[in-house]
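**Q** In our numbering, the protein residues as written are 2 to 164.
Would you mind keeping the following structure in view while I ask a few things?
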């Protein structure tokens, strides 16, 4: 093996598990699933006046309270500039609040308010239904395996393990 060569294959070298016998790549299938999920999630969040990005930000803060806006952006897969708009809208609706970091006076930490938690609870059954629909054609064991495989793929692409 050439020590200077990348261990990542070029797209022209992809075969086997990444490309099926019909030529459909895993990336294409994953994107189709993502778009189907997003469409259903948009319908659910629209009913309560949220965007999918706002919903994602709320769920990230629910799991990890006390993030800065920049940290929230990284965990929500948007730019810091986009997250600035998102957090301003969520603050205006009193769904998130900021507090000064006692250790670093210039840092503003975000957290979900009681109203924000209530809204997430209201959405939880519909969001769970979307996930249940997505895995309805596979066994519980396969769904668990899919979760593990997707986490491994995220890690392999530099996304790290969930926090």
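A virtual CB, placed ideally from N, CA and C, is assigned to each residue, including glycine.
Whole-angstrom Cβ separation of residue 124 and residue 25, contact assumed at under 8 angstroms?
**A** With 8 angstroms as the limit, residue 124 and residue 25 do not qualify as a contact, their Cβ atoms being about 32 angstroms apart.
**Q** Can you give the Cα-Cα distance for residue 144 and residue 105, rounded to whole angstroms?
**A** If you take the alpha carbons of residue 144 and residue 105, they lie about 42 angstroms apart.
**Q** Assign residue 101 to one of three DSSP states: helix, strand, or coil.
**A** Looking at residue 101 - three-state DSSP - the assignment turns out to be strand.
**Q** Going by the DSSP bridge assignment, what does residue 129 pair with across the sheet?
**A** Paired residue(s): none; residue 129 is not in a bridge.
**Q** So does residue 73 have its beta carbon nearer than 6 angstroms to some heavy atom of the ligand NAP?
**A** For the ligand NAP, the structure offers nothing, since it holds no ligand at all.
**Q** Of all the options 63, 86, 58, 66, which has the alpha carbon lying nearest to the alpha carbon of residue 75?
**A** When only C-alpha atoms are compared, the closest one is 58.
**Q** Using the three-state DSSP reduction, which class does residue 9 fall into: helix, strand or coil?
**A** Residue placement at residue 9 cannot be trusted, given a pLDDT of 46 that sits under 50; what the coordinates show is reported in the next sentence. The answer is coil: DSSP assigns residue 9 none of H, G, I, E or B.
**Q** Classify residue 106 as helix, strand or coil using the three-state DSSP reduction.
**A** If DSSP states are grouped into helix, strand and coil, residue 106 belongs with coil.
**Q** Quick one: is residue 95 buried, meaning 16 or more other Cβ sit within 10 Å of its Cβ, or exposed?
**A** It counts as exposed.
**Q** Is it true that the segment 82–101 meets the segment 62–72, where meeting means three or more beta-carbon pairs spaced less than 8 angstroms apart?
**A** In short, these stretches touch, since the Cβ pair count reaches three.
**Q** From residue 103 to residue 53, what does the alpha carbon distance come to, in whole angstroms?
**A** Their backbone Cα atoms lie some 31 angstroms apart in a straight line.
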